[in-house]
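Working notes for the structure below.
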Amino acid sequence: MLIEIDPIDKSILNELVNDARISLSNLSRKIGISRQAVKQRIDRLEQNKIITGYTAKLSALDNKRMVDSIFLVYRKDRMRGADVTSAISKIAEVTNCVVLSGDVDLMVQVRADSHARINEIWSFISSIAGVQNITTCFVLSTVVSR
Numbered sequence: 053m054l055i056e057i058d059p060i061d062k063s064i065l066n067e068l069v070n071d072a073r074i075s076l077s078n079l080s081r082k083i084g085i086s087r088q089a090v091k092q093r094i095d096r097l098e099q100n101k102i103i104t105g106y107t108a109k110l111s112a113l114d115n116k117r118m119v120d121s122i123f124l125v126y127r128k129d130r131m132r133g134a135d136v137t138s139a140i141s142k143i144a145e146v147t148n149c150v151v152l153s154g155d156v157d158l159m160v161q162v163r164a165d166s167h168a169r170i171n172e173i174w175s176f177i178s179s180i181a182g183v184q185n186i187t188t189c190f191v192l193s194t195v196v197s198r
């Protein structure tokens, strides 16, 4: 079932993306509806899986202790790769995995505590039966992080 998102819902979502810890009273003031109406809308958005969670961003200092990389994964059979995505989804350090159009099949973002751990993850993914090849990129700096 597709839930209808109106302009008020979009405003609430935008505010929560900017500050997930905003109080209901501040959010209601910004949006221009009652605190109770904001609460009901957030509850509905959560129940309908529009909002699937809240997160904390780590400080720049903590980010410097981590190693970010991107694996561009090429599968042997592009249409039957559920075994590959299933195995990748079980790796704790994988922060994002998306299926792509074009030459590359998957983009896997990994955040680990060392280059050695990135190498272990690379070795594991490359050993999955459906993986043909991997191109690895290390993140040098972040320009936009939302």
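Okay, so the sequence shown: first residue is 53 according to this note's numbering, each after it adds one. Idealized CB from N, CA, C, for every residue including glycine. Keep in mind that this is a model prediction, so the values were computed, not measured.
State the Cα-Cα distance for the pair residue i and residue j, rounded to the nearest angstrom.
i    : j    : result
R130 : V69  : 34 Å
I94  : L54  : 16 Å
C189 : I143 : 18 Å
R87  : R169 : 46 Å
S75  : S175 : 44 Å
Q99  : P59  : 19 Å
L158 : K101 : 24 Å
I64  : S77  : 12 Å
H167 : A134 : 27 Å
L79  : S197 : 23 Å
K82  : N171 : 46 Å
K62  : V150 : 24 Å
S193 : M118 : 12 Å
Taking 6 Å as the limit between beta carbons, can you name the residues of its chain near residue i, skipping five residues before and five after?
i    : result
V191 : D120
A108 : none
Y106 : A72
I103 : L97
I180 : V136, A139
Taking all protein chains shown into account, decide if residue i is buried (16 or more other Cβ within 10 angstroms of its Cβ) or exposed.
i    : result
I57  : exposed
L152 : exposed
I164 : For clarity, residue 164 is Ala in the given sequence; the question names Ile instead. With 16 or more Cβ atoms within 10 Å of its Cβ, A164 is classed as buried.
R127 : buried
G154 : exposed
V195 : exposed
V90  : buried
For residue i versus residue j, is the C-beta distance shorter than 8 Å?
i    : j    : result
V162 : V125 : no
V156 : I140 : no
I177 : F123 : yes
E145 : I186 : no
If you follow the beta strand (DSSP E) that residue i is in, where does it begin and where does it stop?
i    : result
N117 : Looking at the sequence shown, residue 117 is not Asn but Arg. That residue, R117, is in no beta strand (DSSP E); it is neither H nor E in DSSP.
I43  : An answer regarding residue 43 cannot be provided, because it is not within the stretch 53 to 198 covered by the chain.
A168 : No beta strand (DSSP E) holds A168; the alpha helix (DSSP H) holding it covers 167-179.
Among the residues of its own chain, which have a CB less than 7 Å from the CB of residue i, if the five just before and after it don't count?
i    : result
N148 : Q161
Under 8 Å Cβ to Cβ from residue i, same chain only, skipping five residues before and after it: list those, please.
i   : result
E67 : I74, L79, K82, I83
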